[in-house]
Amino acid sequence: MAMTLMATIRHLTSKETTLVDRLATNFVRAANVARSRVRRAACALLSIVLCSLHYSAKADEVDAGPYVPTPQYIVDRMLQMASVSGKDYVIDLGSGDGRIVITAARRFGARGMGVDISEKLVDLATTNSHKEQVADLVKFVRQDAFNTDISPASVLTLYLLPKFVLELRARMLNQLKPGSRIVSHDYSLGDWDADNSITFDSPEKQVINGASRTSLFLYIVPANVAGTWQLSLPEGLPPGTPQLSLQQRYQKISGTLLAPRGKALKHAALRGDRIEFSLSIGARSYVAVGEVDGDRIVGTMEVAGRGKLPFTATRIAPGKAIGWD
Numbered sequence: 398m399a400m401t402l403m404a405t406i407r408h409l410t411s412k413e414t415t416l417v418d419r420l421a422t423n424f425v426r427a428a429n430v431a432r433s434r435v436r437r438a439a440c441a442l443l444s445i446v447l448c449s450l451h452y453s454a455k456a457d458e459v460d461a462g463p464y465v466p467t468p469q470y471i472v473d474r475m476l477q478m479a480s481v482s483g484k485d486y487v488i489d490l491g492s493g494d495g496r497i498v499i500t501a502a503r504r505f506g507a508r509g510m511g512v513d514i515s516e517k518l519v520d521l522a523t524t525n526s527h528k529e530q531v532a533d534l535v536k537f538v539r540q541d542a543f544n545t546d547i548s549p550a551s552v553l554t555l556y557l558l559p560k561f562v563l564e565l566r567a568r569m570l571n572q573l574k575p576g577s578r579i580v581s582h583d584y585s586l587g588d589w590d591a592d593n594s595i596t597f598d599s600p601e602k603q604v605i606n607g608a609s610r611t612s613l614f615l616y617i618v619p620a621n622v623a624g625t626w627q628l629s630l631p632e633g634l635p636p637g638t639p640q641l642s643l644q645q646r647y648q649k650i651s652g653t654l655l656a657p658r659g660k661a662l663k664h665a666a667l668r669g670d671r672i673e674f675s676l677s678i679g680a681r682s683y684v685a686v687g688e689v690d691g692d693r694i695v696g697t698m699e700v701a702g703r704g705k706l707p708f709t710a711t712r713i714a715p716g717k718a719i720g721w722d
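Here the sequence shown is numbered in the working numbering, starting from 398 and rising by one per residue.
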């Protein structure tokens, strides 16, 4: 019997091996037994399934690799990390059985859409949404992630291979609105530094794919502010129209006051559509806080002795923001 089991293991296809691991996961939950014994027991069960159902390569294939559901506790951490609320629209790329979008709808009242290349998984997710009574809030579509319009999302979740994550990065920056949140499971967005990240133990994943740790990466989509901006100073301040040159690499910015005198900005920061910077003109220092809306910034400028006064800025020449191409 042992020889038969070992022979079966050696000849399993990758898809069958994945099924063995899924079965093993369920076995582990039920009993605290050695991993090797779990795998052999699951393999025996799979052998029966193969014989009785004539399992073959005709089974549905998912282009991005075998479907492995994200454990529910990781789903919960991802949604918590993104601060999902009823105001959000959640898009999950590679949605599988729909659990991320369905959980967001059930727990927070968020609307959403799941995207998957597998028709069977899309049908399963749709069925699950009806079972959980959130079908009026969510939908699932069979579609390639690269052909998906992600612009409606205020929250984007993904668990894709690193190659696909990096290929989607510029699309995310160009399509998603500033302030949108991205949560990537296990794989970072390369040289785009995460706004937050966490790593924790994942016993279930140890059985599924040998990885004992899970990492989650949060990104806040920044506004594109690269270029030359003309400031409109509060009334009563020194006359003239100072100009700023802003450089940008993802959410990190720096800048220079071009006129009336070239000076580097201090404490320049960008988070979503909120921008902050400090500058000096003559003997005075100014602290500006504003919201970016395309080619316009509207906010307040704090001036020593005068409090906060309204100001605006208009982009008069675009610049090259690193990450958008």
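Where a beta carbon is used, it is the ideal one built from N, C-alpha and C, also for glycine.
When the options are compared against residue i, the one with the closest alpha-carbon
i	options	result
Ser548	Ala665, His582, Leu518, Val618	Val618
Asp670	Ala620, His527, Asp583	Ala620
Gln645	Asp722, Ser585, Pro631, Lys660	Asp722
Ala591	Leu563, Gln648, Val622	Gln648
Ile514	Thr545, Val562, Ala680, Ala701	Thr545
Val481	Tyr464, Ile719, Phe597, Arg508	Arg508
Pro707	Pro631, Ser581, Val498	Pro631
Ile672	Leu654, Ala567, Leu643, Arg681	Leu643
Val498	Thr653, Leu534, Pro468	Leu534
Asp583	Tyr683, Pro715, Lys602	Lys602
Leu476	Ser629, Tyr616, Gln530	Tyr616
Tyr683	Gly691, Arg703, Val695	Arg703
Gly652	Asp692, Gln540, Gly716	Gly716
Val695	Asp588, Glu529, Ser629	Ser629
Leu573	Val700, Gly691, Glu699	Gly691
Lys517	Ala718, Gln540, Leu563, Leu586	Gln540
Per DSSP, the bridge partner or partners of residue i
i	result
Trp626	Leu641, Arg712
Thr523	Answer is none; Thr523 lacks a bridge partner.
Ala656	Gln640
Arg646	Lys649, Ile719
Gly696	Gly687, Phe708
Lys487	Checking the sequence, you will find Val at residue 487 rather than Lys. Val487 is bridged to Gly509, Val552.
Ser677	Ser682
Ile672	Leu667, Gly687
Ala397	For the chain, the structure presents residues 398 to 722; residue 397 sits outside this window and is missing.
Proximal residues to residue i (C-beta, below 8 Å), its chain only, five neighbours per side dropped
i	result
Ile595	Arg474, Met478, Ser612, Leu613
Pro466	Gly493, Asp494, Arg496
Leu565	Leu490, Ala542, Phe543, Leu555, Leu557
Ser449	Only weak support exists for where Ser449 lies, its pLDDT of 33 falling under 50; the coordinates are left without a value.
Thr697	Ala685, Val686, Gly687, Lys705, Leu706, Pro707, Phe708
Ser599	Pro468, Ile471, Ala608, Ser609, Arg610, Thr611
Ala701	Arg681, Ser682
Ala567	Gly720, Trp721, Asp722
Own chain partners of residue i with C-beta closer than 6 Å, once the 5 adjacent residues on each side are dropped
i	result
His664	Ser675
Sequence-distant residues of the same chain with beta carbon closer than 7 Å to residue i, five excluded per side
i	result
Gln627	Thr638, Gln640, Ala710, Thr711, Ile713
Ser677	Lys660
Val538	Met510, Val512, Val519
Met398	For Met398, the predicted structure reports a pLDDT of 33, less than 50, and the residue's modelled location is therefore unreliable. A value from the coordinates is still provided. Hits under 7 Å: none found.
Ala532	Ser526
Val622	Leu643, Gln645, Ile650, Leu667, Ile672, Val689
Gly483	Phe505, Gly506, Ala507
inquiry  = For the region 563-577 against the region 503-516, do three or more pairs of beta-carbon atoms, one drawn from each stretch, fall closer than 8 Å, so that the two count as touching?
reply    = Result no; under three Cβ-Cβ pairs closer than 8 Å.
query = Below 8 Å, can you find three or more Cβ-Cβ pairs linking the region 552-568 to the region 479-496?
reply = Between the region 552-568 and the region 479-496 there are three or more inter-stretch CB-CB distances shorter than 8 Å, so the stretches are counted as touching.
key: alpha helix (DSSP H) runs wholly inside the region 570-621, at least 4 long, in chain order   = Those alpha helix (DSSP H) runs which fall completely within the region 570-621 and span 4+ residues are 600-606.
request  = Within the region 511-563, note down every full beta strand (DSSP E) run reaching 3 residues or more, in order along the chain.
outcome  = Counting only runs of 3 or more, we get 535-539, 552-555.
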